[in-house]
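**Student:** Questions regarding the structure given below will be posed in turn.
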Amino acid sequence: VRHIKDGFVENQRSKAHLISAIHQVLEDSEICNLKSAIYFPSYEIMMDELRDYRFYAEDMLHPSALAVDYIWERFKEASISESVFGVMDEVENIQKSLAHKPFNPNSESHLKFEANLRKKITKLESQYPFMKF
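Throughout, my numbering is defined as the position within the sequence shown, counted from one, plus 1.
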């Protein structure tokens with residue numbers, strides 16, 4: 002996100018200070034005790050790879066949904082084990098189903114849909130007790 006109330010130059014200077022501070026923390030073992038911590042370059046991806054206007058929202062400051070999806074996929078590839086992608090897909094499908102607005106909430110098909118959804122949720126919550134839907 003670009004914060005331009007102070008101007009584009011100040012925005013870039015501010016980002017540079019933040020990025021330098023993050024790298025200093027990651028490199029200084031006395032400050033950061035996380036040996037596996039890394040810097041993920043989401044800002045650089047947005048500014049260097051996704052320069053086209055279609056990657057920006059209408060305000061031309063925030064990333065578009067397309068840009069967010071692209072950066073998320075890059076983050077997933079770099080930071081998340083492929084072994085959990087299946088579970089992530091299940092969670093995403095459940096979240097989408099929970100957000101579904103039925104045309105007729107009392108119809109037989111919708112009641113079956115809800116029962117099936119409850120089964121999926123129960124299965125995941127039993128496998129992963131920390132998950133709550």
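Positions of the beta carbon are idealized from the N, C-alpha and C atoms, including for glycine. All of these numbers come straight from a predicted model, not from anything done at the bench.
Which of the three DSSP states, helix, strand or coil, is assigned to Y137?
**Tutor:** Lying before the first or after the last residue shown, residue 137 is absent from the chain, which here runs from 2 to 134.
**Student:** Consult DSSP for Y57 and reduce its assignment to one of helix, strand or coil.
**Tutor:** In this structure, Y57 counts as strand in the three-state DSSP scheme.
**Student:** When you compare the CB positions of S65 and R55, do they come within less than 8 Å of one another, or not?
**Tutor:** For S65 and R55, yes; Cβs fall inside 8 Å.
**Student:** Under 8 Å, with one C-beta from each stretch per pair, do the stretch 115 to 134 and the stretch 87 to 107 reach the 3-pair mark?
**Tutor:** The stretch 115 to 134 is in contact with the stretch 87 to 107.
**Student:** Taking only the alpha-carbon atoms, compute the straight-line gap between F104 and E115 and give it to the nearest angstrom.
**Tutor:** Going by the C-alpha atoms only, they are around 13 Å apart.
**Student:** Are I46 and I72 closer than 8 Å when you measure CB to CB?
**Tutor:** Going by C-beta atoms, I46 is nearer than 8 Å to I72.
**Student:** Candidates G8, E93, V2: which alpha carbon is nearest M132's?
**Tutor:** Selected option, being the one with the closest Cα: E93.
**Student:** Thinking just about the alpha-carbon of each residue, which of L62, Q25, V26 is nearest to the one in H4?
**Tutor:** Checked all of L62, Q25, V26; the closest Cα to H4 is L62.
**Student:** From the DSSP secondary-structure annotation, give me the bridge partner or partners of P64.
**Tutor:** Answer by DSSP bridge pairing, in chain order: Y57.
**Student:** What does the alpha-carbon distance come out to for the pair A58 and N12?
**Tutor:** Going by the C-alpha atoms only, they are around 18 Å apart.
**Student:** Compute the Euclidean distance between the alpha carbons of I122 and E83, then round it to the nearest angstrom.
**Tutor:** Approximately 22 Å between the Cα atoms of the pair.
**Student:** Give the DSSP-derived three-state secondary structure of L51 in the structure shown.
**Tutor:** L51 falls in the coil class under three-state DSSP.
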